[in-house]
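Heads up: the structure comes next, in structure tokens.
Number of protein chains: 6
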Amino acid sequence: MRRLVEYAEAAPEVRAVFDEIKAARGIADVNNFWKALAVDPATLRRTWDSLRVVMAPGGALDPLVKEMLYLAASMAAGCTYCIASHTAAAQAKGMTEAQFGELLAVVGMAAETNRLAEALRVPVDPAFE
Amino acid sequence: MRRLVEYAEAAPEVRAVFDEIKAARGIADVNNFWKALAVDPATLRRTWDSLRVVMAPGGALDPLVKEMLYLAASMAAGCTYCIASHTAAAQAKGMTEAQFGELLAVVGMAAETNRLAEALRVPVDPAFE
Amino acid sequence: MRRLVEYAEAAPEVRAVFDEIKAARGIADVNNFWKALAVDPATLRRTWDSLRVVMAPGGALDPLVKEMLYLAASMAAGCTYCIASHTAAAQAKGMTEAQFGELLAVVGMAAETNRLAEALRVPVDPAFE
Amino acid sequence: MRRLVEYAEAAPEVRAVFDEIKAARGIADVNNFWKALAVDPATLRRTWDSLRVVMAPGGALDPLVKEMLYLAASMAAGCTYCIASHTAAAQAKGMTEAQFGELLAVVGMAAETNRLAEALRVPVDPAFE
Amino acid sequence: MRRLVEYAEAAPEVRAVFDEIKAARGIADVNNFWKALAVDPATLRRTWDSLRVVMAPGGALDPLVKEMLYLAASMAAGCTYCIASHTAAAQAKGMTEAQFGELLAVVGMAAETNRLAEALRVPVDPAFE
Amino acid sequence: MRRLVEYAEAAPEVRAVFDEIKAARGIADVNNFWKALAVDPATLRRTWDSLRVVMAPGGALDPLVKEMLYLAASMAAGCTYCIASHTAAAQAKGMTEAQFGELLAVVGMAAETNRLAEALRVPVDPAFE
């Protein structure tokens, strides 16, 4: 079931999602993530609908900031594909090398202090509740 | 070894770090994380020195953005203490409820697509390399 | 120490486990997982003995359900090899494309709500204790 | 921002979701997860809409199987709240003690072999591709 | 199903395991982990049998080193209960405060470099293959 | 931004770190991890300075033990690159096949009991506090 569904062979409901993604992003073909997700058209549709809403511009956070948050979460989760695609997406939205370097430093530092806080079973300060 | 080292009982090299943290943050006492880390003064010193540099203002990223990246990475790693402390820190730096809501949505969405990408073993698109 | 131990070069206690796996599964050769584990014959033996018991038919859960639970846990843990091998095993036991699609949706949804519950530090409802 | 939104104080769009959850499950009050998620009404709405679709009966998998897959994924991810709530949900759908015991055994075994496969960097067998 | 099975109420096959644990460790009562695991007697038996073999003295690694490896792995996985119990076990086997401090530093450092290596998708050096 | 910075093209502050690593380890070229980290010279410097201190000989733990703890933590975190590099480093410091086998067994066993303890939400024994 490791399969990439190409547009030419896709069912109509899959093509509809692919068309929306291509139009929204101004690209000629969708990324492998969407082609892989197409093995289950319902999950493809639901995921695209959610992602479109979550990443929509015009909210309380700048689109680049949202993309960097996505990238930081993906780095913390260790998802290789997601790190690759969201690094590219953040660059496309204007992330500079210097910003990437600082993001990297924060993610690394968070990983270290996350483990230390858990290793020492630090009780949450009353002030944080 | 689950122990919180209070200032009054702390060794001089621990007090020195505590003093720096209190001065840098303008607070009367350090958080539990630092009191717990003080069981190993060398790790306390190294961690504080690193954190101070990584989170220093004046870099390529806004301090609030860095704090939100830290929070997103901590949420993705599931560290309860870190989520509590960095939510508080981000609020102190001006994070609004609406910004927190969007950060939450991005972290949740990233968790879902991270798993889906790995579950389907999606190959990295050549364009991302 | 990244090495795959082939039958021809294997020590007698490794061959004994390989023979049991091949007989139990009706296959001509064991998968790479077992060949890799053979670098430590004691761990190979213990792992096979445990797995055989845990996955034995005739228990309270249907064999296909157990295989899908194994797959869901492996997806949640992000283990590429395990996802590949247990997807194949579940298909061999009859998992359909539609069932795989629903499993995928559940695992993705669980990943998202897992992170949200932790991000918000939701207290366990008294009714669940 | 660690806060549980009760029905009495909830905004109309939050109440609407709470009402749907209560009606769908035949319960008098929603669980803490939903009350916590209500700090961001948009995420509350999107999460409930997704969950309702993903867990809907009438699909290719039995509702109890889906609930156990959700539980297995939550156990693998180590989310305390989710383990508590989905253990209760699976019991409500008929999971027996014996079935829970086997689920537990599978999740534990998966955790061990997941780590072993990654520790040995086992290459995926060509047959699984 | 969150339940601790006490000796007085335990089934004979559970008591047998409890007796073995108490005899092997020279303690009056088993820890909560074993009482919790007793909800599934088969998993209790299999887990104790495995653990006894894996942690047996007389192997290639010193018992304290094995205990510290167990603790380091548990810290990296963020299991609160396991961190608590294996910290106590390591101390009982002679781990000093200084050794604990260095273990902590290694685990924290590993967490940081683990994330950095994955964030940068570093290709494995040919020399490591 | 997936890029390996070679010595010939490196900035002076990157070369300085590379030179220190090569001198400390007596090697002709640094590993890919350092070349990848060089995209952010500040993180490269800070990481090398920390690692050098954490892994320095002459402390309370034997250098091989520290290297094995690093490896165990990396295995538990599932970082492929780190597992590869620290397996090689541990072998270079004298880890035997038998020691590797026992380390592997401990890491696998820890993964299983970590998940079981969390799956059953085992309360921490008062004796461990």
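Protein sequences appear in the order of chains A, B, C, D, E and F. In terms of the numbering used here, the first sequence is residues 143 to 271. In terms of the numbering used here, the second sequence is residues 143 to 271. In terms of the numbering used here, the third sequence is residues 143 to 271. In terms of the numbering used here, the fourth sequence is residues 143 to 271. In terms of the numbering used here, the fifth sequence is residues 143 to 271. In terms of the numbering used here, the sixth sequence is residues 143 to 271. Virtual Cβ for every residue (Gly too), placed ideally from N, Cα, C. None of the values given here were measured: they were computed from a predicted structure.
- Closer than 8 Å to the CB of D/G201 there is not a single CB belonging to chain B.
- Using beta-carbon distances, E/V195 counts as an interface residue toward chain C, with a partner under 8 Å.
- Under the 8 Å criterion on CB atoms, D/G243 is classed as non-interfacial with respect to chain F.
- Around the CB of D/I225, 16 or more other CB atoms lie within 10 Å, so the residue is classed as buried.
- In this structure, the beta-carbon distance from A/A269 to B/A214 does not fall below 8 Å.
- For E/A219, at least one C-beta of chain F is nearer than 8 Å to its own C-beta.
- With a 10 Å radius around the Cβ and a threshold of 16 neighbouring Cβ atoms, B/T238 comes out exposed.
- Contact annotation: the segment 241 to 249 of chain D does not touch the segment 152 to 167 of chain C, with fewer than three C-beta pairs closer than 8 Å.
- The criterion of a C-beta distance shorter than 8 Å is not satisfied by C/E209 and C/K177.
- Counted as a single uninterrupted DSSP element, the stretch harbouring C/Y149 is not any alpha helix (DSSP H), since DSSP gives it neither H nor E.
- For B/D191, none of the residues of chain E pass the 9 Å Cβ criterion, the least Cβ distance being about 13 Å.
- Counting along the chain, F/I225 sits inside the alpha helix (DSSP H) bounded by residues T222 to A234.
- Short of 8 Å from the beta carbon of A/P205, and not among the five residues preceding or following it, lie these beta carbons of its own chain, in chain order: M197, P199 and K235.
- With distances taken between CA atoms, C/A184 lies nearest to C/E155 out of C/E155, C/L211 and C/V172.
- Sorting D/V181, D/T189, D/A202 and D/G243 by C-alpha distance to the C-alpha of C/L262 places D/V181 at the top.
- At a cut-off of 8 Å between beta-carbon atoms, F/K235 makes no contact with chain E.
- Distance from the CA atom of F/R145 to the CA atom of C/L193, rounded to whole angstroms, is 41 Å.
- Ranked by how close their Cα comes to the Cα of C/L258, the residues B/I169, B/G201, B/V207 and B/M217 have B/M217 in first place.
- The beta carbon of B/R157 sits closer than 7 Å to those of Y149, all from its chain and outside the five residues before and after it, given in chain order.
- A check of alpha carbon separations from C/P265 across D/Y223, D/N256, D/A231 and D/D191 identifies D/Y223 as the nearest.
- Within its own chain, the residues whose Cβ lies closer than 6 Å to the Cβ of A/V159, once the five positions on either side in sequence are excluded, are L186, R187 and W190, listed in chain order.
- For B/T238, the secondary structure class from DSSP, reduced to helix, strand or coil, is coil.
- Around the Cβ of A/E254, a 10 Å sphere holds 16 or more other Cβ atoms; the residue is buried.
- Residues of chain F whose Cβ lies closer than 9 Å to the Cβ of B/E271 are, in chain order, R144.
- The beta-carbon of B/G250 is placed less than 8 Å from the nearest beta-carbon of chain D.
- Boundaries of the alpha helix (DSSP H) around C/N174: N174 to L179.
- In this structure, F/N256 sits near E/A219, with a CB-CB distance shorter than 8 Å.
- Taking all protein chains in view, the Cβ of E/E271 is surrounded by fewer than 16 other Cβ atoms within 10 Å, so the residue is classified as exposed.
- With fewer than 16 other beta carbons inside 10 angstroms of its own, F/E151 counts as exposed.
- For D/Y212, the closest of C/E244, C/H228, C/A240 and C/A202 by C-alpha to C-alpha distance is C/E244.
- Shown here, B/M197 sits in coil according to DSSP, grouped into three states, outside any helix or strand.
- In the three-state reduction of the DSSP assignment, F/L211 falls in the helix class, which pools H, G and I.
- When 7 Å is used as the limit between beta carbons, E/L246 is near these residues of chain B: D182 and T185, in chain order.
- D/A170 sits exposed, since fewer than 16 C-beta atoms from the chains shown fall within 10 Å of its C-beta.
- Flagged as an interface residue toward chain E: A/A261, by a C-beta distance shorter than 8 Å.
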